[in-house]
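Note sheet for the following structure.
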Amino acid sequence: MENLFDAAESCLSACEIKEKLQLTEQTAQAWRDGLLSLESKNAPKPVDEPGHPDNPILVSPGDVPKRRMGTPAGLVALIHAIAHIEFNAINLAWDAVYRFRDLPQQFYSDWVQIAIEEAYHFQLLRQRLNELNSDYGELPAHNGLWDMARRTAFDPLVRMALVPRVLEARGLDVTPGIIERLRQAGDDRTIVVLEIILHDEVGHVAIGSHWFKYLCQQRELDSEQLFRELINQYFTGQVCGPFHYEARQKAGFSAAELSALEHLKETAARAEKPVL
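Okay, here's the thing in C-alpha coordinates:
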(Lines of atoms letter the chains of each structure in order from A; the text may use other names.)
(Lines give C-alpha, C1' and ligand atoms only; values in the text may rest on other atoms or scores of the structure.)
Protein backbone atom coordinates (compact mmCIF):
# COMPACT_ATOMS: atom_id res chain seq x y z
CA MET A 1 0.00 0.00 0.00
CA GLU A 2 1.24 3.48 -0.83
CA ASN A 3 1.68 5.90 2.03
CA LEU A 4 0.23 9.35 2.60
CA PHE A 5 3.60 11.01 3.16
CA ASP A 6 4.97 10.15 -0.28
CA ALA A 7 1.69 11.25 -1.86
CA ALA A 8 1.81 14.53 0.05
CA GLU A 9 5.38 15.09 -1.11
CA SER A 10 4.25 14.64 -4.72
CA CYS A 11 1.52 17.25 -4.22
CA LEU A 12 3.99 19.59 -2.57
CA SER A 13 6.63 19.29 -5.27
CA ALA A 14 4.31 19.57 -8.29
CA CYS A 15 5.10 22.79 -10.16
CA GLU A 16 2.33 23.07 -12.73
CA ILE A 17 -0.96 24.39 -11.40
CA LYS A 18 -3.07 21.76 -13.14
CA GLU A 19 -0.88 18.93 -11.86
CA LYS A 20 -0.90 20.23 -8.27
CA LEU A 21 -4.68 20.56 -8.27
CA GLN A 22 -5.18 17.11 -9.79
CA LEU A 23 -2.77 15.45 -7.38
CA THR A 24 -4.44 17.22 -4.47
CA GLU A 25 -7.83 15.86 -5.47
CA GLN A 26 -6.52 12.36 -6.18
CA THR A 27 -4.56 12.13 -2.94
CA ALA A 28 -7.45 13.38 -0.83
CA GLN A 29 -9.78 10.83 -2.41
CA ALA A 30 -7.28 8.00 -1.93
CA TRP A 31 -6.90 8.96 1.73
CA ARG A 32 -10.67 9.02 2.24
CA ASP A 33 -10.93 5.61 0.56
CA GLY A 34 -8.35 4.09 2.90
CA LEU A 35 -5.82 3.50 0.13
CA LEU A 36 -2.91 5.32 1.81
CA SER A 37 -1.11 4.21 4.95
CA LEU A 38 0.76 6.20 7.59
CA GLU A 39 3.80 3.93 7.37
CA SER A 40 6.92 5.28 5.70
CA LYS A 41 10.60 4.45 5.96
CA ASN A 42 11.59 7.82 4.52
CA ALA A 43 12.08 10.72 6.90
CA PRO A 44 10.79 14.11 5.70
CA LYS A 45 13.30 16.22 3.79
CA PRO A 46 13.72 19.98 4.09
CA VAL A 47 11.65 21.87 1.51
CA ASP A 48 13.27 25.22 0.84
CA GLU A 49 10.77 26.00 -1.91
CA PRO A 50 7.61 24.04 -2.75
CA GLY A 51 6.68 23.36 -6.34
CA HIS A 52 5.23 26.41 -8.05
CA PRO A 53 4.87 27.65 -11.63
CA ASP A 54 7.39 30.05 -13.16
CA ASN A 55 4.89 32.85 -12.72
CA PRO A 56 4.09 34.78 -10.62
CA ILE A 57 7.52 36.28 -10.15
CA LEU A 58 8.27 36.43 -6.42
CA VAL A 59 9.34 39.82 -5.07
CA SER A 60 9.65 41.53 -1.69
CA PRO A 61 6.32 42.52 -0.08
CA GLY A 62 6.94 46.20 -0.80
CA ASP A 63 7.15 45.53 -4.54
CA VAL A 64 3.75 43.81 -4.81
CA PRO A 65 1.16 45.94 -6.71
CA LYS A 66 -1.04 48.05 -4.46
CA ARG A 67 -4.50 46.60 -3.86
CA ARG A 68 -6.84 49.55 -4.34
CA MET A 69 -10.29 48.44 -5.40
CA GLY A 70 -11.36 51.69 -7.03
CA THR A 71 -10.08 50.64 -10.45
CA PRO A 72 -10.28 47.40 -12.48
CA ALA A 73 -6.51 47.01 -12.18
CA GLY A 74 -6.71 47.45 -8.42
CA LEU A 75 -9.42 44.82 -8.13
CA VAL A 76 -7.36 42.38 -10.18
CA ALA A 77 -4.33 43.07 -7.95
CA LEU A 78 -6.40 42.37 -4.83
CA ILE A 79 -7.84 39.10 -6.15
CA HIS A 80 -4.44 38.02 -7.45
CA ALA A 81 -2.87 38.61 -4.03
CA ILE A 82 -5.55 36.52 -2.32
CA ALA A 83 -5.22 33.79 -4.97
CA HIS A 84 -1.50 33.65 -4.24
CA ILE A 85 -2.21 33.23 -0.54
CA GLU A 86 -4.56 30.35 -1.31
CA PHE A 87 -2.05 28.70 -3.65
CA ASN A 88 0.56 28.90 -0.90
CA ALA A 89 -1.98 27.51 1.54
CA ILE A 90 -2.30 24.36 -0.59
CA ASN A 91 1.44 23.84 -0.19
CA LEU A 92 1.31 24.64 3.52
CA ALA A 93 -1.38 22.02 4.07
CA TRP A 94 0.55 19.34 2.23
CA ASP A 95 3.74 20.29 4.03
CA ALA A 96 1.99 19.81 7.39
CA VAL A 97 0.92 16.34 6.24
CA TYR A 98 4.33 15.44 4.81
CA ARG A 99 6.58 16.90 7.50
CA PHE A 100 5.00 16.06 10.83
CA ARG A 101 4.97 12.37 11.68
CA ASP A 102 3.61 10.16 14.46
CA LEU A 103 0.53 12.27 15.09
CA PRO A 104 -3.08 11.04 15.41
CA GLN A 105 -4.77 9.99 12.18
CA GLN A 106 -7.24 12.85 12.55
CA PHE A 107 -4.39 15.35 12.23
CA TYR A 108 -3.72 14.07 8.73
CA SER A 109 -7.40 13.92 7.83
CA ASP A 110 -7.80 17.53 8.94
CA TRP A 111 -4.90 18.81 6.86
CA VAL A 112 -5.84 16.77 3.80
CA GLN A 113 -9.28 18.39 4.00
CA ILE A 114 -7.69 21.81 4.33
CA ALA A 115 -5.59 21.15 1.21
CA ILE A 116 -8.76 20.31 -0.75
CA GLU A 117 -10.55 23.43 0.46
CA GLU A 118 -7.59 25.70 -0.26
CA ALA A 119 -7.42 24.26 -3.78
CA TYR A 120 -11.13 25.03 -4.20
CA HIS A 121 -10.61 28.59 -2.99
CA PHE A 122 -7.73 29.05 -5.42
CA GLN A 123 -9.84 27.82 -8.31
CA LEU A 124 -12.70 30.18 -7.41
CA LEU A 125 -10.32 33.13 -7.32
CA ARG A 126 -8.61 32.11 -10.54
CA GLN A 127 -11.98 31.85 -12.24
CA ARG A 128 -12.78 35.37 -11.02
CA LEU A 129 -9.48 36.62 -12.41
CA ASN A 130 -10.34 35.01 -15.75
CA GLU A 131 -13.69 36.82 -15.72
CA LEU A 132 -11.72 40.05 -15.31
CA ASN A 133 -9.48 39.15 -18.29
CA SER A 134 -6.52 38.24 -16.10
CA ASP A 135 -4.98 35.08 -14.65
CA TYR A 136 -2.90 33.91 -11.75
CA GLY A 137 0.76 34.59 -12.46
CA GLU A 138 0.29 37.80 -14.43
CA LEU A 139 1.30 39.96 -11.44
CA PRO A 140 4.22 39.61 -9.04
CA ALA A 141 3.64 38.17 -5.57
CA HIS A 142 5.57 37.67 -2.34
CA ASN A 143 6.48 34.54 -0.41
CA GLY A 144 5.84 35.53 3.21
CA LEU A 145 3.70 32.51 4.06
CA TRP A 146 6.32 30.03 2.93
CA ASP A 147 9.05 31.93 4.75
CA MET A 148 7.19 31.16 7.98
CA ALA A 149 6.77 27.54 6.90
CA ARG A 150 10.55 27.24 6.70
CA ARG A 151 10.98 28.85 10.11
CA THR A 152 8.48 26.48 11.74
CA ALA A 153 9.47 23.25 9.99
CA PHE A 154 11.21 21.92 13.10
CA ASP A 155 8.10 21.55 15.27
CA PRO A 156 4.39 20.98 14.56
CA LEU A 157 3.48 22.85 17.75
CA VAL A 158 5.21 26.01 16.55
CA ARG A 159 3.76 25.57 13.05
CA MET A 160 0.20 25.25 14.41
CA ALA A 161 0.69 28.31 16.62
CA LEU A 162 2.10 30.63 14.00
CA VAL A 163 0.80 29.70 10.56
CA PRO A 164 -2.92 28.99 11.12
CA ARG A 165 -3.29 31.08 14.28
CA VAL A 166 -1.33 34.16 13.19
CA LEU A 167 -0.81 34.40 9.44
CA GLU A 168 -3.98 32.66 8.26
CA ALA A 169 -6.03 34.14 11.10
CA ARG A 170 -5.22 37.59 9.75
CA GLY A 171 -7.61 36.78 6.91
CA LEU A 172 -10.42 36.49 9.45
CA ASP A 173 -9.70 40.07 10.49
CA VAL A 174 -9.35 41.78 7.13
CA THR A 175 -11.80 39.91 4.87
CA PRO A 176 -15.01 41.44 6.32
CA GLY A 177 -13.69 44.93 5.56
CA ILE A 178 -12.76 43.92 2.02
CA ILE A 179 -16.24 42.45 1.53
CA GLU A 180 -17.83 45.69 2.72
CA ARG A 181 -15.80 47.78 0.27
CA LEU A 182 -16.71 45.39 -2.53
CA ARG A 183 -20.36 45.70 -1.53
CA GLN A 184 -20.12 49.47 -1.82
CA ALA A 185 -18.61 48.98 -5.27
CA GLY A 186 -21.41 46.57 -6.28
CA ASP A 187 -19.06 43.63 -6.91
CA ASP A 188 -21.37 40.82 -5.80
CA ARG A 189 -19.44 38.18 -7.75
CA THR A 190 -16.22 38.65 -5.79
CA ILE A 191 -18.17 38.93 -2.53
CA VAL A 192 -19.61 35.44 -3.03
CA VAL A 193 -16.11 34.01 -3.41
CA LEU A 194 -14.71 35.80 -0.37
CA GLU A 195 -17.65 34.79 1.81
CA ILE A 196 -17.00 31.13 0.97
CA ILE A 197 -13.33 31.57 1.81
CA LEU A 198 -14.04 33.41 5.08
CA HIS A 199 -16.43 30.68 6.23
CA ASP A 200 -13.93 27.91 5.49
CA GLU A 201 -10.95 29.77 6.96
CA VAL A 202 -12.63 29.95 10.36
CA GLY A 203 -12.57 26.16 10.29
CA HIS A 204 -8.94 26.06 9.17
CA VAL A 205 -7.81 28.33 11.99
CA ALA A 206 -9.90 26.25 14.41
CA ILE A 207 -8.01 23.15 13.29
CA GLY A 208 -4.74 24.95 13.95
CA SER A 209 -6.02 25.93 17.39
CA HIS A 210 -7.09 22.38 18.18
CA TRP A 211 -3.77 20.81 17.30
CA PHE A 212 -1.73 23.56 18.94
CA LYS A 213 -3.61 22.99 22.19
CA TYR A 214 -3.41 19.20 21.77
CA LEU A 215 0.37 19.35 21.39
CA CYS A 216 0.68 21.72 24.35
CA GLN A 217 -1.34 19.29 26.45
CA GLN A 218 0.82 16.36 25.34
CA ARG A 219 3.93 18.26 26.45
CA GLU A 220 2.29 19.63 29.62
CA LEU A 221 2.68 23.23 28.47
CA ASP A 222 0.39 26.20 29.13
CA SER A 223 -1.01 26.94 25.66
CA GLU A 224 -1.98 30.55 26.40
CA GLN A 225 1.39 31.43 27.88
CA LEU A 226 3.28 29.65 25.11
CA PHE A 227 1.23 31.40 22.41
CA ARG A 228 2.18 34.77 23.90
CA GLU A 229 5.83 33.75 24.06
CA LEU A 230 5.87 32.56 20.45
CA ILE A 231 4.19 35.75 19.24
CA ASN A 232 6.75 37.81 21.12
CA GLN A 233 9.59 35.74 19.72
CA TYR A 234 8.52 35.70 16.07
CA PHE A 235 6.36 38.80 15.61
CA THR A 236 7.60 41.52 17.98
CA GLY A 237 6.39 44.88 16.68
CA GLN A 238 4.63 43.24 13.75
CA VAL A 239 1.05 42.59 14.87
CA CYS A 240 -1.73 45.07 14.20
CA GLY A 241 -5.50 45.09 14.39
CA PRO A 242 -8.33 45.40 14.14
CA PHE A 243 -9.14 41.84 15.17
CA HIS A 244 -12.37 40.04 14.27
CA TYR A 245 -13.15 38.82 17.77
CA GLU A 246 -16.22 36.75 16.91
CA ALA A 247 -14.45 34.85 14.12
CA ARG A 248 -11.34 34.31 16.22
CA GLN A 249 -13.39 33.01 19.15
CA LYS A 250 -15.12 30.56 16.81
CA ALA A 251 -11.65 29.54 15.62
CA GLY A 252 -10.50 28.63 19.11
CA PHE A 253 -8.94 31.81 20.52
CA SER A 254 -9.41 32.32 24.24
CA ALA A 255 -10.11 35.68 25.88
CA ALA A 256 -6.57 35.68 27.25
CA GLU A 257 -5.08 35.12 23.79
CA LEU A 258 -7.16 37.92 22.30
CA SER A 259 -6.05 40.19 25.12
CA ALA A 260 -2.43 39.29 24.39
CA LEU A 261 -2.93 40.17 20.72
CA GLU A 262 -4.38 43.54 21.72
CA HIS A 263 -1.33 44.20 23.85
CA LEU A 264 0.95 43.32 20.95
CA LYS A 265 -1.09 45.58 18.67
CA GLU A 266 -0.39 48.47 21.02
CA THR A 267 3.30 47.56 21.04
CA ALA A 268 3.32 47.46 17.23
CA ALA A 269 1.60 50.84 17.05
CA ARG A 270 4.28 52.35 19.24
CA ALA A 271 6.95 50.73 17.09
CA GLU A 272 5.22 52.02 13.93
CA LYS A 273 6.05 48.76 12.20
CA PRO A 274 2.83 46.76 11.66
CA VAL A 275 3.04 44.19 8.90
CA LEU A 276 0.27 41.72 9.74
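In this text, residue positions in the sequence shown follow the UniProt record's numbering: the first is 1, and each later residue adds one. Where is the CB? At the ideal position from N, CA and C, for every residue including glycine. Here the structure is a predicted model, which is why all the values come from computation and not from measurement.
Beta-carbon spacing of residue i, residue j below 9 Å
i: W211; j: M160; result: yes
i: F243; j: D173; result: yes
i: S40; j: D6; result: yes
i: I196; j: P164; result: no
i: M1; j: L23; result: no
i: L215; j: L157; result: yes
i: Y120; j: I17; result: no
i: A89; j: L145; result: yes
i: I179; j: L194; result: yes
i: R101; j: P44; result: yes
i: N55; j: E131; result: no
i: F154; j: S209; result: no
Secondary structure of residue i, DSSP reduced to three states
i: H84; result: helix
i: L58; result: strand
i: A89; result: helix
i: K18; result: helix
i: A7; result: helix
i: S40; result: coil
i: A268; result: The pLDDT assigned to A268 is 47, lower than 50, so where the model puts this residue is not dependable, and the model offers no usable value.
i: T27; result: helix
i: F243; result: coil
i: R248; result: helix
i: R101; result: coil
i: L258; result: helix
i: V76; result: helix
i: D63; result: helix
i: Y136; result: coil
i: V112; result: helix
i: residue 334; result: Look at the range of the chain in this structure, 1 to 276, and you will see that residue 334 is not part of it.
i: H121; result: helix
i: H52; result: coil
i: E220; result: coil
i: E131; result: helix
i: R228; result: helix
i: R126; result: helix
i: D95; result: helix
i: L35; result: coil
Cutoff 6 Å; reference residue i; Cβ partners in own chain excluding five residues on either side
i: E117; result: D200
i: S13; result: G51
i: L198; result: T175
i: A8; result: W94, V97, Y98
i: C11; result: L23, T24, T27, W94
Interface flag, residue i vs chain D, CB-CB below 9 Å
i: S37; result: Protein chain content of the structure displayed is limited to a single chain, and chain D is not contained in it.
Nonlocal neighbours in the same chain, by C-beta distance under 7 Å from residue i, ignoring five residues either side
i: V64; result: A81, P140, A141, H142
i: A169; result: V205, R248, A251
i: A93; result: W111, I114, A115, E118
i: E257; result: E224, F227
i: Y245; result: L258
Cβ-based neighbour list, residue i, same chain, cut-off 8 Å, excluding 5 preceding and 5 following
i: V59; result: P140, A141, H142
i: A260; result: E224, F227, R228, I231
i: D33; result: none
i: E262; result: G241, F243
i: T190; result: L75, I79, R128, L182
i: D48; result: R150
Near the ligand ADP: residue i beta-carbon under 8 Å from a heavy atom
i: P56; result: The ligand ADP is not among the ligands present in this structure, which contains no ligands whatsoever.
- prompt: How do the segment 77-87 and the segment 125-145 stand: do at least 3 beta-carbon pairs fall below 8 Å, yes or no?
  reply: yes
- prompt: Curious, which full-length alpha helix (DSSP H) runs of at least 4 residues does the segment 141-213 contain?
  reply: 144-151, 156-162, 169-185
message: With three or more C-beta pairs closer than 8 Å as the rule, is the segment 183-196 touching the segment 149-158?
response: no
- prompt: Taking one C-beta from the segment 101-115 and one from the segment 217-224 each time, how about it: are there three or more such pairs within less than 8 Å?
  reply: no
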